[in-house]
Each structure stands twice: as structure tokens, then as C-alpha cells.
Amino acid sequence: MAMHAAAQETLCALRREIARIEGVPPERLTGGGAKTPDALDDTAVLVRRDGRGLPDGDLLPVGVEPLDTLLGGGLPLAALTEIHAQTARASGVAAGFALALGVALLSQTPDKRLPLLWLGTAEVFSEAGFPYAAGLHRAYGISPTQLLFAEAPKLSDALWIGEEAARLPDLAGVILELRGNPRMLDLTATRRLHRRARAAGRPVFLLRQSAEPTPTAAPVRLRVEPAPATLRQTLTGPLQGSLGPPGLLLTVDKSRAARPGTFTLEWNPHERRLQARTFPKQSTVPGPVVSPPANGSDLAPPFGQVMDHPANWRRAAGG
Amino acid sequence: MVSRREDNAQRIAALDGTAEQRNIRLGMGIAEARAMHPDLEVTEEDPDADRRLLEALADWCDRYTPLVAVDRPDGLYLDITGCAHLFGGEAALMDDALRRLADQGFNVRAGLASTPGAAYALARFHSGAIVSAGDEADALAPFPLAALRLPPPVRQGLESVGLRRVGAVLAAPRAPLARRFGPRLLQRLDQAVGAVEEAITPRQPVPALSVERRFFEPIGGTEEIEQLVGTLSNTLQPALAQRGEGATALELALFRVDGEVFRLRVRSARPLRDPRLMQLLYREKLATVGETLDPGYGFDLVRLSVLFAQPYAEIQSDLIAEPGDEATTVALLVDRVEARLGHQVVVHPVLKASHIPERAVVHVPGVAEATMDPTEVGPPSLDAFSRPVRLLRRPEPVDVTAEVPEGPPAHFRWRRMHHRITRAEGPERLAPEWWHDPQARTRDYFRVEDRDGHRYWLFREGLYGGERSLFDLQKEDEAAPLEGDAPPPLQPRWYVHGIFA
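Chains A and P, in that order, give the protein sequences.
Numbered by this note's numbering, the letters in the first sequence go through residues 5 to 323 in order.
Numbered by this note's numbering, the letters in the second sequence go through residues 3 to 503 in order.
Below you can see the structure in the form of C-alpha cells.
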């Protein structure tokens, strides 16, 4: 028996080592014992002795391949995920990232009518602004009927609502937004949220403004910073001085694979997904694609160029 | 003794038995009374306190009947139709009420009759009497006119012609009385003898259903109350089932031994029938009122009433599948949050047809109708980035430097932070909705990005060179004949209104 235990220990250490080299969460390694999904077992965040893993359905792919690979297939679906923004100003970007995850979540849920609960303390919403459903609808295509907002007067109330909401399988997901490093939000509080999310099989995104990273029960912690937006793409190429798809800098702070990584992502509103930022290549064909007319008006000027000026009109009218 | 200011003089408004024995009468001047008895104790009248006391007493009287009306300044009407048998008969009910109120230190009188008018007279001139229907005229005959609830001028008029007893007025021919003293007198007479129906106005809406429990040993613990809610709602369930309804508003009334009454109300978005869910809602409610609910020596009567009920849709459960667990639905969560933290905590957004950003979305408490299809809202706009993901509660003023007055801003200072703008898109001009707010001014919105990549939604309110709102134009129209110099135009101001993703 003792021999057996020692062998298990060695096997476990080896598996951990392989996982570290391959950058895959240890429990996602195939082989070993029976693969019985056991969503309620909290030890799933640790290296399993029998090599049991989570079923593949329990992942939420972000949609950006290198990031998903680093995270071992995506974010854990039935879990707490922390998303940090360093300032209140950056909470717009952090909210944008959480919403992108929300969109992925809503498209993954079989019943499209499950609402997404966005919950925060009054302090957070007065500091960084209340979620604006018209903007969410335009940029993320989230219908207002799928949104529920809750504004708790105090942190303890927000945590209570969060814990109660995390238990509900009837919600697509919960975004819990808090500010700073309150003492109440310790390892125990995050563990409570995490356990409930596991039990319900729905994710809880803990969005934290101006917070220092502290010990947390969340298996994944991400840090979001703003990145300058790219230019708008038009038919004649990028439009100078315009603000195109919003960019964000995502740092994986903590994950099961324990591999750090930084990604520049941007939101693609047409395909409704996050994508890694790519810089559009210059057109390989020099000059205009269409040949200039032999006799007639000139080619249309590039978009945004001032065609005429009110001063000219006045001159024309006077002369 | 209580004094009241009347016709520029302090007069006696109320007095106790001792003062009465010393030959002091109501309406006597305070100076006069002091001259007779220098050791009088006089207190200024406090009508508000009196009213509050009367309301509290009315609350307490809820234990006898749900129909309690306040008769200012010093009376209560209790409609005990159908309630008397619960207390062992009418006489027993009256005795019980008188005894309990006397124990609390009140000097009370009561009369029981089948009309409010007769009961009023009995309570004041023959306490403890019970008059059955039809005998009112005989019973009231010996009483003075004060028993009839008449306005003072009418009463004085009647007394001046020698009609000093109710009996005399009743016997007098009706037509001349009406001609001389108005229809009010006849109405009061008819109401007293029961010829005309008179309804009392109950203070509280009468609940559709209520169940209660009395205790010989008062209870006080929060857990006990919570368990009791479960027991009471168990009793309530068959009655609700029989009516085919579910409760949408519940009230738990806790009658404390010393007469204080606490009322705890919870509401539910959907009709409720399950005792477990009712208990769950009250658990949240009790958790919040925990400190304010002082049980003192305990509660001796607890009543759970259904204030509002709605038809309850029976759902046939599947034979094989597990019965649906209502305790896990979002609607119940919303109800529980509301019971604990109040209304307006959980909201859902509804888009409105308005181009003013803050009017384009309204937040409605509760969960959106499940029947609504998400696709009904229509596809998102082509310009996906023109609206922010977060909107500030109200636009916050910022200091802005712009290269050209009409152009996009170059720097701005917001919340003591300086932001250098690298790129700006705009302006998007939003004309004011003058039909809502005539003072509103034009806004020019800019999307800007600072050096770190934060994106904000700024707007300039007002136009350079002076913009006149509808309100200003109306004022100018009024002042037009003067042709005076117009007030200097308001300078445009800058605000930050939202944060982009």
C-alpha cells in the first residue's frame, strides 16, 4: 500500500513536470486513471492523483487561439474568473473584455434567453458609470432583454447577491464588479463564489477596479489594460485620425498552466468576437485599382479630404 | 390638563377627573383656572402626538377586525361584522377590548350598535351598552344633541329653539327642520337610526386572505417568527389554491404585548403559493429589519395576510421529470433581493426612441418578460462604436483646451487628472429635445482617446456665439417691446459623459 502511494506520488510529480513543460493544466493531460467528470470536487484546481480531468464542454474559449492554448483550451466555464483593471478609467476596457466573454457565453448557451447579470456596488457605478444598454447593444449585440443590472448599496450586499446569483443555473453568467481591496473580499469570499459557480455550472466574472492582486480562489486571474484603438478601415484604406475597433492589452496573471502571457486583442463587432490585433497589409497594387477615365471627371478623392471650403463659396458668390 | 389656543386665549382643551372635581370645566380660560387653583399642571396641546397615538391604537385594534377607521380627534370605529364569534360574542369582544385598553392605561368607552352613528352616541353617553338593530331611535332619544355629530352652529340653533334631546329632534316634523337647518341634520339623524347606510373608511386595505395565530406565551425570536411564517403560509396555501390565486404581496403583522404593531411587507414578481418560498422571502426581510424589530416582551398575535393576489397558472408537472424547483429561478432571486434591500436594486434596461443618451435607456425594476424574443430589438447599428459601454450617472464637467473653438479638444482635466488627447472623432451633434426640456442646449459629442488608450465620450454643451434655447426665445418674445440689450450668451461648457470599451 505504501509502495503504491509512493509510486502515485512519483507519477504525480512527473505529470506536473510534463504539464509545466507543455504548458497545459495537469488535469488536462490525457491518460492515467478513469476520466469521470466530477464538477463538484474542489480539488479539480489541484493536480489530481488519479489524473481525472474536466470534460471539454466545461471550457469557454475566448476565441483567440494563442490565448486559448495558453489557458489550456479556454477559460473554465464553471468557475470564478478574476479580471483586474488598474484604474477606474480602465474599467471601461475591463467591462468591454467581460462583455466579450459574455457574448461568447450567450452564444454558447443553448437557451438564448438566459440573462446575464451585471452586479456592482453603488460606489463602482457612480465612479465608473452605469452599464449603458444602448452602447452594449450597438457594440456587442447584446439584447437589452438579456441584461439584468443590480446595484447593491454596500459591498456585503453585493457579495450576498453575487453568491445567491452564482448558484442559479438560470443565469447565463454573473459579472460582479467591485472596487479596491476590501478586507471582506478575501480567500474565503472568493472560494464561496467559486464553489457556487462550480455547482451551478455557470461562470462568475469578478471585475475588480483599482485592486492589487491578492490571494484568490479563482483559477484564472487576468489583467486588462487599454491599448490605443486602430484606425477605421474604409474601402480606400485606413482613415487617418479615426478611432476604430477598441484595443486592449490582456495579461494572464494566474492560470493553471502558470505560463505568463500578454496579448493585444481587439473587439470585432461584425463577427462579434475578440481577435488578436493584426495590422492590415498595404495594398500590393500600387496606385488606384480603377483606371482613370479618359475624358470626364477626376477620380474620387480619398475619403476625408476636404473638397471645398466655405471661403471659396463666398468668393464665388462675391465674384 | 391640556390647554389649547382658541380665539387668542389659552383655553382648556382636555382635563382629567381630579380637575373636574375641582370645578374646572372645558373651554375655561387658563388664567381663570389658575386663579382658582394655582397648583394646576397645564400642558400645551400636541395634535400630532394625539393623532399618532390614535393611529397606534387603531393598529392595535386590528387584532379584532381588519376594518378599523379613525374618527378624529378621539374615536375609532371597528366594524366587527363577522368577527365577534371569534372572541365569544359581541359583548365578550367589547369587554375584552375595554379591559385590554384599560390595562394599557387608557380611559376608554365603547358602544356597540348596528350603525356608526348610534355607536358613536353610545360610546360617549352610555359606555358599554349594546343596541340591536331597529332600537336605535329609542336608545338615542334621551341623549343630548352632541351625540348626533352635528356641526356646532346647527347644534346651537337647535338648542336655541328648545330641541335639546335627540328624541325631541326625531319627533319634530322633518320638512321644517331641513328647511331651517339644512340637509346635513337629517342625514345625521338617518345615519344614527339606520335609515341611511353609512360606510366607514378603513385605514388599511382589507386583505384578500389572512391567517393568524395567538399565543398565551408571547414569542420573540427571529427564528420563531420565521418558522411561524412557514406554518401560517401552510394554512394559507389551501385557501389560495381554492381561489386559484397566488399572492403577489404579503404582510406579516406582529402585535407586541404592549400594543406596538410591526408590519412587514414583501412583494413578489410572480404569484406565490409555495409556503417554502414565502418563508424564504420573509427570511430575507427579517434579516434586514433584525435590529429595528424589537420584540420587547414578545408578540402575542401574529397575522399573515395576502394583500394582493393574482391568478396562479397551474403547471402540470411531468410524471417522470423532477418537479421544477421554483427556488432557483431568477425571478425569485429578484424578489428576495427586493425583500432584503428594497425596490429598484435589480433592474433590466429598456431601449427608448430618443437620441438623447440618458433618455435612450430606462431601467425598469425586476426581470424582463420571459416571453420577449431577444431578436425583436433589431440588429445593432452599423456604427458599433458610437455609444459607450458605460454612461456616467450625470455628465461631469471637465476643463478642456481645444485648438480651435469649434474643434475637438486637445487636453482635458477630469477628476484632477490631466488627459492629453491623441485622437478624436466628432462632432456628433445632438439637438435638444425641446418638447421635454425647453432649457436644453445643443450638444456636440466627441469620442476621444488619450495617450494611454483610454477612450471617453466628451460633449460640448451649447454653441459658440450664443445659442438660444426655446426657453430663451420665449423670454425674448415676452421682453421684445423693450428692445433692451440681450443677456450675454452662455458660454459652451464641456462634460464627460461616458467611457468606451
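Just so you know, even glycine gets a beta-carbon here, dropped at the ideal spot from N, CA and C.
Open item on the list: So with CB distances below 9 Å, who are the chain A contacts of Glu-427 of chain P?
Closed with: Arg-236, Gly-245, Ser-246 and Leu-247
Task: Cβ-based neighbour list, Gln-279 of chain A, same chain, cut-off 6 Å, excluding 5 preceding and 5 following - done: Asn-272
Open item on the list: Between Arg-212 of chain A and chain P, is the shortest Cβ-Cβ distance under 7 Å, so that the two count as touching?
Closed with: no
- [ ] Quick one: measure Cβ to Cβ for Glu-216 of chain P and Asp-302 of chain P, integer angstroms, because I've assumed they're closer than 8 Å.
- [x] One detail in the question is off: residue 216 of chain P reads as Arg in this sequence, not Glu. Confirmed, about 6 Å.
Task: Separation of Val-400 of chain P from Val-97 of chain A, as counted between CA atoms - done: 21 Å
TODO: Give me the Cα-Cα distance between Phe-127 of chain P and Asp-48 of chain P, rounded to the nearest whole angstrom.
DONE: 26 Å
TODO: Using only alpha-carbon positions, find the residue among P:Leu-306, P:Gln-476, P:Phe-473 and P:Arg-389 that is nearest to Val-450 of chain P.
DONE: Ranked by Cα distance from Val-450 of chain P, the first of P:Leu-306, P:Gln-476, P:Phe-473 and P:Arg-389 is P:Arg-389.
- [ ] Consider the C-beta atom of Ala-11 of chain P and the heavy atoms of the ligand ZN; say whether any pair is separated by less than 6 Å.
- [x] The ligand ZN is not part of this structure, which contains no ligands at all.
Task: Reference Gly-500 of chain P, options P:Pro-397, P:Lys-287 and P:Ala-125, closest by Cα - done: P:Pro-397
Open item on the list: For the structure I just gave you, are there three or more beta carbon pairs, one from the segment 97 to 107 of chain P and one from the segment 237 to 246 of chain P, closer than 8 Å?
Closed with: no
Task: Own chain residues within Cβ distance below 7 Å of Leu-364 of chain P, not counting five before or after - done: Note that residue 364 of chain P is Val in the sequence shown here, rather than Leu. Same-chain partners within the cutoff: Val-352 and Lys-354.
Task: Residues within the segment 147 to 181 of chain A neighbouring chain P, beta-carbon criterion of under 8 Å - done: The segment 147 to 181 of chain A vs chain P, Cβ under 8 Å: Ser-147, Pro-148, Thr-149, Gln-150, Leu-151, Leu-152, Phe-153, Ala-154, Glu-155, Ala-156, Pro-157, Asp-161, Trp-164, Ile-165, Glu-168, Ala-169, Arg-171, Leu-172, Pro-173, Asp-174 and Leu-175.
TODO: Would you mind giving the Cβ-Cβ distance between Arg-275 of chain P and Thr-250 of chain P, rounded to the nearest angstrom? I have them listed as a contact below 8 Å.
DONE: At roughly 11 Å, the Cβ-Cβ gap does not stay under 8 Å, so Arg-275 of chain P and Thr-250 of chain P are not in contact.
- [ ] Name the two residues that bound the continuous beta strand (DSSP E) containing Lys-258 of chain A.
- [x] 251 to 258
Task: Closest by C-alpha distance to Ala-11 of chain P, when choosing among P:Ala-21, P:Tyr-497, P:Ala-35 and P:Gly-19 - done: P:Ala-35
Open item on the list: Taking only three categories from DSSP, how would you classify Pro-411 of chain P?
Closed with: The answer is strand: DSSP assigns Pro-411 of chain P an E or B state.
TODO: Could you tell me whether the segment 276 to 286 of chain P touches the segment 175 to 189 of chain P, using the rule of 3 or more Cβ pairs below 8 Å?
DONE: no
Open item on the list: Let me check understanding here. Comparing Cα to Cα, which of P:Gln-158, P:Leu-306 and P:Gly-223 lies closest to Leu-295 of chain P?
Closed with: P:Gly-223
Open item on the list: On the DSSP letters alone, give me the boundaries of the beta strand (DSSP E) that Val-400 of chain P sits inside.
Closed with: If you look at Val-400 of chain P, you'll find it isn't in any beta strand (DSSP E); DSSP assigns it neither H nor E.
TODO: Using a Cβ cut-off of 9 Å, pull out every chain P residue sitting near Leu-239 of chain A, in sequence order please.
DONE: The contacting residues do not exist; Leu-239 of chain A stays about 14 Å from chain P at best.
Open item on the list: Tell me whether the segment 67 to 79 of chain A and the segment 249 to 264 of chain A touch, counting them as touching only if at least three CB pairs, one residue from each stretch, are closer than 8 Å.
Closed with: With a cut-off of 8 Å, the segment 249 to 264 of chain A and the segment 67 to 79 of chain A count as touching, because enough Cβ pairs lie within range.
Open item on the list: With distance defined between alpha-carbon atoms, name the residue in P:Leu-283, P:Asp-260 and P:Pro-207 nearest to Ile-227 of chain P.
Closed with: P:Leu-283
Open item on the list: Among P:Ala-71, P:Ala-315 and P:Leu-256, whose alpha-carbon lies nearest the alpha-carbon of Leu-234 of chain P?
Closed with: P:Leu-256
Task: Alpha carbon of Phe-448 of chain P to alpha carbon of Leu-252 of chain A, nearest angstrom - done: 21 Å
TODO: Look at the Cβ atom of Pro-209 of chain P, then the Cβ atom of Ala-71 of chain P, and state whether they are nearer than 7 Å.
DONE: No.
- [ ] Alpha carbon to alpha carbon, how far is Arg-187 of chain A from Leu-163 of chain A? Give it in angstroms, no decimals.
- [x] Approximately 12 Å, taken between the alpha carbons.
Task: Three-state class that DSSP yields for Tyr-284 of chain P in the structure shown - done: helix
TODO: Below 8 Å on the Cβ atoms is my guess for Arg-225 of chain A versus His-88 of chain A; work out the distance and round it to an integer in Å.
DONE: 7 Å
TODO: For my contact list, Ala-60 of chain P and Gly-119 of chain P are in at a C-beta cut-off of 8 Å; report their separation, rounded to the angstrom.
DONE: In this structure, Ala-60 of chain P and Gly-119 of chain P do not form a Cβ contact; the two beta carbons are roughly 19 Å apart against a cut-off of 8 Å.
- [ ] Please decide whether Pro-325 of chain P counts as near chain A, where near means a Cβ-Cβ distance under 7 Å.
- [x] Summary for Pro-325 of chain P: the model assigns pLDDT 46, below 50, so the residue's position carries little reliability, and this model does not support an answer.
Open item on the list: According to DSSP, Pro-242 of chain A sits in a beta bridge with which residue or residues?
Closed with: For Pro-242 of chain A, the beta-bridge partners assigned by DSSP are A:Gln-237.
Task: Any chain A beta carbon closer than 7 Å to Phe-387 of chain P - done: So yes, Phe-387 of chain P belongs to the interface.
TODO: Taking a Cβ distance cut-off of 7 Å, strictly less, list which residues of the segment 259 to 278 of chain A are near chain P, in chain order.
DONE: Per Cβ criterion, the list reads Trp-271 and Pro-273.
- [ ] Sort P:His-421, P:Gln-441, P:Pro-359 and P:Arg-431 by Cα distance to Gly-139 of chain A and report the nearest one.
- [x] P:Pro-359
- [ ] Step through the CB atoms of chain A and report whether any lies within less than 7 Å of the CB of Val-391 of chain P.
- [x] yes
- [ ] With 7 Å as the threshold, decide whether the Cβ of Gly-142 of chain A is near any Cβ in chain P.
- [x] The amino acid occupying residue 142 of chain A in the given sequence is Arg; Gly does not appear at that position. Closer than 7 Å: yes.
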